[in-house]
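There are 2 protein chains.
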Amino acid sequence: MPAIRTARERAREELTREIKQEARRQLASVGAQQLSLRAVARELGMASSALYRYFAGRDELLTALIIDAYDELGDVADHALAGTAGAAPRDRWCALWTAARDWARANPHEFALVYGTPVPGYAAPRDTVEPATRLPLALLAVVRDAPLRPTPPGPAPRGALPEQLAALAAALAPGLPPHVLARAVTAWIQLVGLIGFELHGHLVGSIDPAGDLFAWTAEQTADALGL
Amino acid sequence: MPAIRTARERAREELTREIKQEARRQLASVGAQQLSLRAVARELGMASSALYRYFAGRDELLTALIIDAYDELGDVADHALAGTAGAAPRDRWCALWTAARDWARANPHEFALVYGTPVPGYAAPRDTVEPATRLPLALLAVVRDAPLRPTPPGPAPRGALPEQLAALAAALAPGLPPHVLARAVTAWIQLVGLIGFELHGHLVGSIDPAGDLFAWTAEQTADALGL
DNA sequence: TCCCTTTCGAGAGCACTGCTCTCGTTTCGC
DNA sequence: GCGAAACGAGAGCAGTGCTCTCGAAAGGGA
Numbered sequence: 002m003p004a005i006r007t008a009r010e011r012a013r014e015e016l017t018r019e020i021k022q023e024a025r026r027q028l029a030s031v032g033a034q035q036l037s038l039r040a041v042a043r044e045l046g047m048a049s050s051a052l053y054r055y056f057a058g059r060d061e062l063l064t065a066l067i068i069d070a071y072d073e074l075g076d077v078a079d080h081a082l083a084g085t086a087g088a089a090p091r092d093r094w095c096a097l098w099t100a101a102r103d104w105a106r107a108n109p110h111e112f113a114l115v116y117g118t119p120v121p122g123y124a125a126p127r128d129t130v131e132p133a134t135r136l137p138l139a140l141l142a143v144v145r146d147a148p149l150r151p152t153p154p155g156p157a158p159r160g161a162l163p164e165q166l167a168a169l170a171a172a173l174a175p176g177l178p179p180h181v182l183a184r185a186v187t188a189w190i191q192l193v194g195l196i197g198f199e200l201h202g203h204l205v206g207s208i209d210p211a212g213d214l215f216a217w218t219a220e221q222t223a224d225a226l227g228l
Numbered sequence: 002m003p004a005i006r007t008a009r010e011r012a013r014e015e016l017t018r019e020i021k022q023e024a025r026r027q028l029a030s031v032g033a034q035q036l037s038l039r040a041v042a043r044e045l046g047m048a049s050s051a052l053y054r055y056f057a058g059r060d061e062l063l064t065a066l067i068i069d070a071y072d073e074l075g076d077v078a079d080h081a082l083a084g085t086a087g088a089a090p091r092d093r094w095c096a097l098w099t100a101a102r103d104w105a106r107a108n109p110h111e112f113a114l115v116y117g118t119p120v121p122g123y124a125a126p127r128d129t130v131e132p133a134t135r136l137p138l139a140l141l142a143v144v145r146d147a148p149l150r151p152t153p154p155g156p157a158p159r160g161a162l163p164e165q166l167a168a169l170a171a172a173l174a175p176g177l178p179p180h181v182l183a184r185a186v187t188a189w190i191q192l193v194g195l196i197g198f199e200l201h202g203h204l205v206g207s208i209d210p211a212g213d214l215f216a217w218t219a220e221q222t223a224d225a226l227g228l
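Line by line, the protein sequences are chains E and H. To convert, take the position in the first sequence, counting from 1, and add 1; that gives the numbering used here. To convert, take the position in the second sequence, counting from 1, and add 1; that gives the numbering used here.
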């Protein structure tokens with residue numbers, strides 16, 4: 002990757018970025034469903050067919066946006082982690098939750114893109130899995146680095162779960178007790194689920210606004226983990 | 002609603018049902034995103050424009066499908082409830098979880114329709130809220146009717162949450178302690194979130210298959226509620 | 001420097017979509 | 001029986017993703 006590149010390469014890179022930028026703008030304003038290749042091209046002053054020199058199709062453009070969204074959420078999480086480096090683990094945990102929710106509320110369409118209904122017939126390519134793991138990894142980092150109060154063991158994992166947890170622990174958090182890891186996983190799901198419920202209006206009319214339920218759930222999960 | 006109706010009314014009712022049926026078929030096979038009014042009309046052998054005599058547009062047709070999906074999920078929940086009428090509350094709780102998951106796995110597009118990303122610019126009409134409450138109400142029914150072991154109170158609800166919980170309790174489960182109600186709400190979110198994660202592939206490669214995590218989470222939430 | 005290959009942008013075009021409007025026909029209620 | 005309402009079909013509009021072709025521009029080897 003030398004700085005010396007042909008004009009063509011530089012133009013290509015820049016245009017690719019501009020296309021993604023404009024697509025991102027449209028995503029934020031009208032959502033993934035309504036994202037139109039032609040509209041993107043129109044806004045950029047180019048023919049719609051020219052766009053296919055840069056992205057093989059709508060799906061590939063969406064995939065690029067998905068990766069960006071995952072990465073942005075990952076950045077937000079890492080930033081929250083770094084900003085609370087010396088703090089109490091429980092506070093770090095809650096800070097992470099708040100950061101994720103704030104980002105999702107500020108970027109609802111991006112959140113829906115990554116944690117909502119996948120596009121039909123769309124299988125997430127390999128490139129998306131690494132960025133996707135950044136939020137759960139950040140959550141796990143808090144748990145892994147913290148001295149944990151002992152907690153009641155709860156129900157015993159059965160069936161394939163013990164091995165799944167053992168494999169996960171071996172890869173991500175060696176030494177973490179299985180039941181703690183299981184709780185971390187369900188906490189992650191709870192975090193995402195709660196944000197989704199709030200964003201998609203499932204709590205309107207009952208727990209609305211949902212900010213205080215969110216904070217309560219963060220603390221509840223922290224308790225369950227022994228943070 | 003007399004049995005005597007004009008031929009027109011009967012034809013209208015029947016056609017409305019047939020349209021919904023065909024739309025449902027397409028929903029199940031290609032998903033909500035790809036559901037096409039023209040394709041529905043084509044399959045039914047009518048002009049696409051004729052369809053607008055029965056549904057004002059794609060959104061209204063989707064709304065009808067949403068209501069149907071909520072109702073079907075509600076039926077499944079009620080059936081699970083009725084089928085375990087005399088059983089231990091904890092078993093009823095787990096049966097409800099299993100029933101919901103089974104339905105979602107059998108009808109992934111329907112699940113996505115109601116608990117996935119809403120159609121952009123689409124605000125759920127009033128008609129959908131009642132059917133939508135049936136699953137959470139079924140979950141709550143188990144908790145309400147059961148003798149609960151005392152559980153540690155956990156973090157105290159703050160801000161608006163106590164009043165929100167009090168209002169909810171007054172309407173749905175008078176006498177239920179606020180922290181139990183809060184846990185029931187988060188359990189509901191966890192149930193839906195976990196199903197969504199499994200269906201949308203967020204657990205592929207880590208906890209996969211997710212059945213045992215699901216069962217574990219059901220028991221975990223039952224524990225937390227004191228069931 | 002010339003030339004051949006690759007890359008690129010534009011335009012036309014295809015097969016779709018949701019939706020509207022019009023225009024005969026059928027059906028209903030009086 | 002007749003007027004009004006409901007209905008089905010067709011044409012048409014504006015939009016979509018995507019493909020193909022064609023001429024222009026840029027790149028690298030001789």
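Beta carbons are placed, not taken as given, at the ideal position from N, Cα and C, and that holds for glycine.
- If you look at Gln221/E, you'll find it in the alpha helix (DSSP H) that goes 212 to 226.
- Selection Phe56/H, His110/H, Pro153/H evaluated against Ala225/E yields Pro153/H as nearest (Cα-Cα).
- The beta carbon of Glu220/H falls within 8 angstroms of a beta carbon belonging to chain E, placing the residue at that interface.
- Interface residue (Cβ-Cβ distance to chain H less than 8 angstroms): His80/E is not classified as such.
- What Val143/E touches in chain H, judged by beta-carbon distance under 7 angstroms, is nothing: the nearest beta carbon there is about 17 angstroms away.
- Within the stretch 185 to 197 of chain E, the residues whose Cβ lies closer than 8 angstroms to any Cβ of chain H are, in chain order, Val186, Thr187, Ile190, Gln191, Val193, Gly194, Leu195, Gly197.
- 8 angstroms or more divides the Cβ of Arg127/E from the Cβ of Ala174/E.
- Excluding its 5 nearest sequence neighbours in each direction, Arg39/E has C-beta neighbours in its own chain below 8 angstroms: Ser49, listed in chain order.
- Trp104/E does not reach chain H, its nearest Cβ partner there being about 17 angstroms away, counting only Cβ pairs nearer than 7 angstroms.
- Look at the stretch 2 to 52 of chain E and you find these whole runs of alpha helix (DSSP H), each 4 residues long or longer: 8 to 31, 38 to 45.
- In summary, Arg18/H is exposed, with fewer than 16 beta-carbon neighbours lying within 10 Å of its beta-carbon over all protein chains present.
- Under the 8 angstroms criterion on CB atoms, Thr152/E is classed as non-interfacial with respect to chain H.
- Taken in chain order, the members of the stretch 155 to 170 of chain H whose beta-carbon sits within less than 9 angstroms of a beta-carbon on chain E are Gly155, Pro156, Ala157, Pro158, Arg159, Gly160, Ala161, Leu162, Pro163, Gln165, Leu166, Ala168, Leu169.
- For Thr64/E, no CB of chain H lies under 8 angstroms from its own CB, so it is not counted at the interface with that chain.
- Take Asp79/H, set aside five residues on each side of it, and the residues of its chain with a beta-carbon closer than 8 angstroms to its own are Arg135, Ala139, in chain order.
- The beta carbon of Gln22/H does not come within 8 angstroms of any beta carbon belonging to chain E, so the residue lies off that interface.
- Take the alpha-carbon of Glu111/E and the one of Ala29/E: they are about 7 angstroms apart.
- Leu166/H is positioned such that its CB atom lies no closer than 8 angstroms to that of Pro148/H.
- Counting only the Cα atoms, Thr99/E lies some 25 angstroms from Ile208/H.
- Interface residue (Cβ-Cβ distance to chain E less than 8 angstroms): Leu28/H is not classified as such.
- Three or more beta-carbon pairs separated by less than 8 angstroms are not found between the stretch 59 to 69 of chain E and the stretch 86 to 102 of chain E, which leaves the two stretches without contact.
- Close CB contacts of Ala171/E within its chain, under the 6 angstroms cut and outside five residues either way in sequence, are absent.
- Using a 10 angstroms sphere on the CB of Glu220/H, the tally of other CB atoms reaches 16 or more, which defines it as buried.
- Within the stretch 86 to 157 of chain H, the complete alpha helix (DSSP H) segments at least 4 residues long are 90 to 107, 109 to 116, 130 to 133, 135 to 146, listed from N- to C-terminus.
- Neighbours of Val130/E across chain H, judged by C-beta separation under 8 angstroms: Gly206.
- The C-beta of Gly75/E comes no closer than 8 angstroms to any C-beta of chain H.
- Chain-ordered, the chain H residues with CB closer than 8 angstroms to the CB of Pro210/E read Ala161.
- With a threshold of 8 angstroms between beta carbons, Pro119/E makes contact with chain H.
- Looking at Phe198/H, Gly75/H, Ala8/H, Glu15/H, the one whose alpha-carbon comes closest to that of Pro132/H is Gly75/H.
- Excluding residues up to 5 positions away in sequence, Arg102, Ala105 lie with their Cβ nearer than 6 angstroms to the Cβ of Ile196/H in the same chain.
- Counted as a single uninterrupted DSSP element, the alpha helix (DSSP H) harbouring Phe198/E occupies residues 179 to 200.
- Taking a beta-carbon distance threshold of 8 angstroms, Gly202/E counts as an interface residue toward chain H.
- When the Cα atoms are used, Phe215/E and Thr129/H turn out to be separated by approximately 25 angstroms.
- DSSP places Arg54/E within a helical segment (H, G or I) once states are collapsed to three.
- Shown here for Glu199/H: same chain residues with a beta carbon closer than 6 angstroms to its own, the five before and five after excluded, namely Ala211 in chain order.
- For a Cβ distance threshold of 7 angstroms, nothing in chain H lies close to Ala70/E: the least Cβ distance comes to about 13 angstroms.
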